[in-house]
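Worksheet for the structure shown next.
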Amino acid sequence: MAKLTRVDGDVTIPDRLPVIALRDLAFFPYMVLPLLIGRPRSTAALEEAREGEGYLLLLAQQSSETEEPGTRDLHRVGTVVKLLQCSPLPDGTYRVVLEGIGRAFVERFSSSGNGFRARIAPYGEGDRAAGEPDSELQALVRRVRRMYADYVIFNERMPEGLDRTLEGVEDRVRAAHLMAGHFLIPVTEKQALLECDSDRTVYDKLHELLNRELEILQIEEKLDEEIRRQMDSDRRQHYLHEQLRAITKELGDNEPSEWAELEEKIRTAGLPAAALERAEREMSRLQKLNPVAPEAAVIRTYLDWIVHLPWSARTDDNLDVRHASELLDQAHFGLGEVKERILDHIAVLSLVGELQGPILCLVGPPGVGKTSLGRSIAQALNREFVRVSLGGVRDEAEIRGHRRTYVGALPGRVIQGMRRSGSRNPVFLLDEVDKMARDFHGDPGSALLEVLDPEQNRSFTDHYLELDYDLSDVLFLTTANTLADIPEPLRDRMEIIRIPGYLDTEKREIAQSFIWPSLLERHGLNRNSVELPDETVDRIVRRWTREAGVRELQQRLSRVARKMARLTADAAAAEDPEKAVSGATRIQPDDLREILGPPPYPESERESGPDRVGIANGLAWTAAGGEVLDVEVAVVPGSGKIQLTGTLGDVMKESAVAALTYARSRARRLGLDPRFHKEMDIHVHIPEGATPKDGPSAGITMAVALLSALMQRPTLADVAMTGEITLRGRVLPVGGIKEKTVAALRAGMRTVLLPAGNEPEIELLPQEVRDRVELVCVSTMDEVLEAALGAQPDLARDGGAVGALFLDPPDPGAQISQ
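The sequence shown begins at 423 in this note's numbering and counts up by one.
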C-alpha cells in the first residue's frame, strides 16, 4: 500500500493502480472534473477501477498525436484520482467525474488485460515535510496569489468565481494545484508544474508563467483597442483571426498554432462562398470553446470534413475513344452492348465537354464482371474510382448523412466516397442497388433519387454538412442482379443494360486470357511450367460449373493452381529441382477428377426415350441467370385431384390450372376421353423443392408435360420452351429471353420454343446462341405440341391411350388440392 499526503489527512491507496492516458490534459490533485473516456485501454482501466476501490492513475501523453500510446509514450509523474461518478453513453464512451487525490511516481509498468497497471510511490510535498516555510517563500506565495487573481480577472476564458474560490483556500499546496490546474497554458508546461518536487519550485515556476501571461494579456488588450478602431462593420467576423495573428507576431512565434493551421486550410481549400462563410463561422465558435469540451471535438471534425472535400479539384478526362476501346477489350471479354454504350458516352463527352444523361445500371447475375467493369471505365476515362456497396442498407441516413446532434455523427456514404476520391468528377459505382431495405428508419431508395437525378444533384444536401454539394460532374454507375427489387422511381432515372451471362466459349476465353494467368502469378507459378489446354477448361466448365458468370469457374481454377503449386513445392522440398522444372506440366481432362474430385454435374443430363413421358424442359429466369427446369407430371388412378409440389408461387399454380383446363377443352382432338379428369389424379412437380419458383413463364411447359403424361408420348429431350398459356391455347410473350436462351445453350438444348411476341428480341441475342440453337417462334399450343412431341398428335394413329379408361359422363368441375 502507498500513503499520499493531503491537507485533510493522509490517504492510503493500493500501490498498483490501473492507468489512463490523457491527451492534451494534465490533471492535478484537489481538482474535480468531468471527462469522456473512450479509448479501449482507458475503458479497460476504468472497468478495473470500478471493480476495485475506484482509484486510477492519470498520466499525460508526451505527444497528443499518438492514438494508442504505450508505456514509453507516457510521463512518469501523474495524479492519483478517485472515481466519483461513471455513466455509459450510447456511442460506447463513458462520462466520468474524477477527484484528484495526490501526485505519484511510476516505478514500473505492467500489463493488465487490455490496459496498463503501474507500481507507484508518493511524489513531492518536500517543503511540507520540512516544517514551516521561511518568510521568503511566504512572500512569494502571496505575490503569486495576487498575480493569479489579476490573471483571472483579465482572462475572459477563465471560469467564473475562480478568484473567490482561491481566496478561500489557505493551504499553499492546495492553492498551487488549484492555480496550475486552471492555468490556460500548454499541457507540456502544466506537466512541468505537476513534476515540481517542492513548494518553492512550483511557486517559482508559477511566478515565471504568470509574468509572461499577464504581459501577453496587456499586449492583447492594447491590440484589441487598435483593432477595434480599425475595423468597420463588414470586417467584424475577422476579429479573432486578426487578434491571434497580432499576438503571435508580438511574441515572435513563427510556428502556427492549431487554430492558425486550421484557418490556413480553410483559406486554401477552394471552398464556395456559402461553404467558406459557414467554415469561418464555425471556426469562430471553436476558438471560444474550451479545447476539452465535447462540442469542440464535434466542430473540429466538421471543419475537417469541409476542408478535405474536393470542392474544386478534378482530374483531366482522357476522352480518346480508341484508347478506351482498347482498354476495355484488354480487361473484359465480350460484353459488346455494354462496351458500345460506354464508348458512345465517351464520344459524346469528347464533343460537348459535359454530358448529363441517364445513369447506367448494369443488371446481370453474380460473377459476370459488373463491378470490375466500373473500375475499367474509370481507368479508361482517367478518373478516380469509388465503390459503395448498398447491400443491406436500410437507413436513409446512410445516404444523406446523420445530423450533427450527437458525438460520432458522420456524412452519408456519398459524401464519404467523394472525400476518398479526392476529385469532384470520379466514376462512382453504387453496387447492389437492388438489395437496399426499407423500414421505419426511412427509405434509402428515395434518398438516392436526389443523388442520381441530373436535375437535382447539382445541389445535393447532406444532413451532416448542411451545405449544397455539386455532384453533376460525377459519372454514376449502378449494379443489380434483378430489376424487380429496384424502386420504380429510381429505375426510371437509370438506363438499363443487361448482361445475360457468358457462353461456354466465352468462359473458355476468359479463363485462358484473364483468370488463369492471374492465378499463376498469384500462386507463384511460371506460365511456361503449367499448361492448361482448351479441352481441359471446357471439361471444367461442363462438368464442374453451372453458372451464368465465371465466379465458380475461378474457384475451380484456383484449386487447380493450388494443386500445381503444392506439387512444385513438394519437388523443391525433396531437393529434386530437375523434377520441378523438367518441362511444362500439361493438365489433361482426365486429371481433373483427381484434382477437383468427382464432377457434380453429369456429362449429359437429358436423354431421349420412353422415360421422357410426362417430362418437359422449361426455361426460367433467376437472379443468378437463366436456368433449365424439368416439369414432371404423373397421372395415377384417383378421384380427379390435381396436386402441385415443388414450392410453386401463385402465378405458377395458376399456370398449372390453366394448362389442365386447356387439356380438358382439347381432349377429343388430342385423343383423350373428355372425362379423364374424374377418375385420375394428376401430380405436377418441379424438382428442387427447397428453391421457391414463381413467374409467368411455365404455362406451355406444364401443358406439354401434362399432355405427354396423358397421351403416353415422350417429349424431345433437346427441346426447351418458355411462354405463358391461355385457356384457348394461345402463347403469350414473357421476359428474360436472353438469359433463358443462354441457359438453354449451356444445357445442350438444340431447339428453344419462344412466344411469337418475343420474336423481335431474337436479333439481340448473342450470335453463338442464334447459330447453335434453333429458335422456333410459336403462337398456339398446337405448334408447341408439334415441336415438343415430334409430330402433330393424331387420334386415329395413337388410339387415345388414356381416353379408353373413361366411360362416365363428364363432370362439370374437378377437385383441386394445392
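A virtual CB, placed ideally from N, CA and C, is assigned to each residue, including glycine.
(1) Tell me whether residue 1107 sits in a helix, a strand or coil according to DSSP, three-state version.
(2) Are residue 1102 and residue 1038 close, meaning C-beta to C-beta below 8 angstroms?
(3) Would residue 1141 pass as a contact of residue 1203 if the rule is Cβ separation under 8 angstroms?
(4) Could you tell me the alpha carbon to alpha carbon distance between residue 750 and residue 1130, rounded to whole angstroms?
(5) Given this structure, state the Cα-to-Cα distance separating residue 1004 from residue 990, to the nearest angstrom.
(6) So, with DSSP's three-state summary, where would you put residue 747?
(7) Identify the residues that DSSP records as bridge partners of residue 849: which are they?
(8) According to DSSP, simplified to helix, strand and coil, what is residue 1039?
(9) CA-CA distance, residue 783 and residue 858?
(10) Which of the three DSSP states is assigned to residue 606 in this structure?
(11) Measuring only the C-alpha atoms, how far is residue 904 from residue 792?
(12) Taking CB distances under 8 angstroms as the criterion, tell me whether residue 1152 reaches chain B.
(13) With distances taken Cα to Cα, identify the nearest neighbour of residue 1088 among 1072, 1150, 1059 and 1137.
(14) Within the chosen definition, does the stretch 474 to 485 reach the stretch 495 to 507 through at least 3 CB pairs nearer than 8 angstroms?
(15) Write down the C-beta distance between residue 806 and residue 845 rounded to the nearest angstrom, noting that I regard them as a contact closer than 8 angstroms.
(16) I'd like the list of long-range same chain contacts for residue 431, defined as Cβ closer than 7 angstroms, with 5 residues on each side in sequence excluded.
(17) Pairs of beta-carbons, one from the stretch 917 to 931 and one from the stretch 963 to 980, closer than 8 angstroms: are there three or more?
(18) Can you tell me whether residue 960 is helix, strand or coil according to DSSP?
(19) Going by DSSP, name the residue or residues bridged to residue 525.
(20) Note down the Cα distance separating residue 622 from residue 561, rounded to an integer number of angstroms.
(21) Determine which residues share a DSSP beta bridge with residue 890 and list them.
(22) Residues in the same chain with beta-carbon distance under 8 angstroms from residue 939, minus the five sequence neighbours each way, listed in chain order, please.
(23) By DSSP, does residue 1242 sit in helix, in strand, or in coil?
(24) Let me know if residue 735 comes out buried or exposed under the rule of 16 or more other beta-carbons within 10 Å of its beta-carbon.
(25) Which residue from 693, 996 and 1063 puts its Cα closest to that of residue 890?
(26) Quick check: residue 629 and residue 564, are their CB atoms within less than 8 angstroms of each other?
(27) According to DSSP, is residue 587 helix, strand or coil?
(28) Residue 883 to residue 624, Cα distance in whole Å?
(29) Just mark residue 710 as buried or exposed, buried being the case when its beta carbon has 16 or more other beta carbons within 10 Å.
(30) Report the three-state DSSP secondary structure of residue 432 (helix, strand or coil).
(31) Does the beta carbon of residue 1189 fall short of 7 angstroms from some heavy atom of the ligand GDP?
(32) How would you write the range of the beta strand (DSSP E) that residue 920 sits in, first residue to last?
(33) According to DSSP, is residue 1206 part of a helix, a strand, or is it coil?
(34) Where do the ends of the beta strand (DSSP E) carrying residue 1100 lie?
(35) Is the beta carbon of residue 1132 sitting closer than 8 angstroms to the one on residue 1085?
(36) Please list the segments of the alpha helix (DSSP H) lying wholly inside the stretch 452 to 504, counting only runs of 4 or more residues, in order along the chain.
The structure says:
(1) In the structure shown, residue 1107 sits in a strand (DSSP, three-state: E or B).
(2) Not closer than 8 angstroms, so no.
(3) no
(4) Using only the alpha carbons, I get a separation of about 49 angstroms.
(5) In this prediction, residue 1004 scores a pLDDT of 49, lower than 50, which makes its location untrustworthy; the coordinate-derived value is nonetheless stated afterwards. Here the C-alpha atom of residue 1004 lies approximately 11 angstroms from the C-alpha atom of residue 990.
(6) Of the three classes helix, strand and coil, the one that applies to residue 747 here is helix, per DSSP.
(7) In the DSSP output, where bridge partners are listed per residue, residue 849 has 807 and 897.
(8) strand
(9) 15 angstroms
(10) coil
(11) Residue 904 and residue 792: Cα-Cα distance of roughly 13 angstroms.
(12) No chain B appears in the structure shown, which is made up of a single protein chain.
(13) 1150
(14) yes
(15) Their Cβ separation, rounded to whole angstroms, is 5 angstroms, which keeps residue 806 and residue 845 in contact under 8 angstroms.
(16) none
(17) yes
(18) helix
(19) 501
(20) 11 angstroms
(21) In DSSP, residue 890 forms a bridge with 883.
(22) Residues of the same chain with a CB within less than 8 angstroms of the CB of residue 939, apart from the 5 flanking positions on each side, are 949 in chain order.
(23) Limits of the chain in this structure are 423 at one end and 1240 at the other, which puts residue 1242 out of reach.
(24) Residue 735 comes out exposed.
(25) 693
(26) no
(27) helix
(28) 54 angstroms
(29) exposed
(30) coil
(31) With respect to the ligand GDP, the structure offers nothing, as it holds no ligand at all.
(32) 916 to 920
(33) In this structure, residue 1206 counts as helix in the three-state DSSP scheme.
(34) Element bounds for residue 1100: n/a, residue is neither H nor E.
(35) A contact, by the Cβ cut-off of 8 angstroms.
(36) 462 to 473
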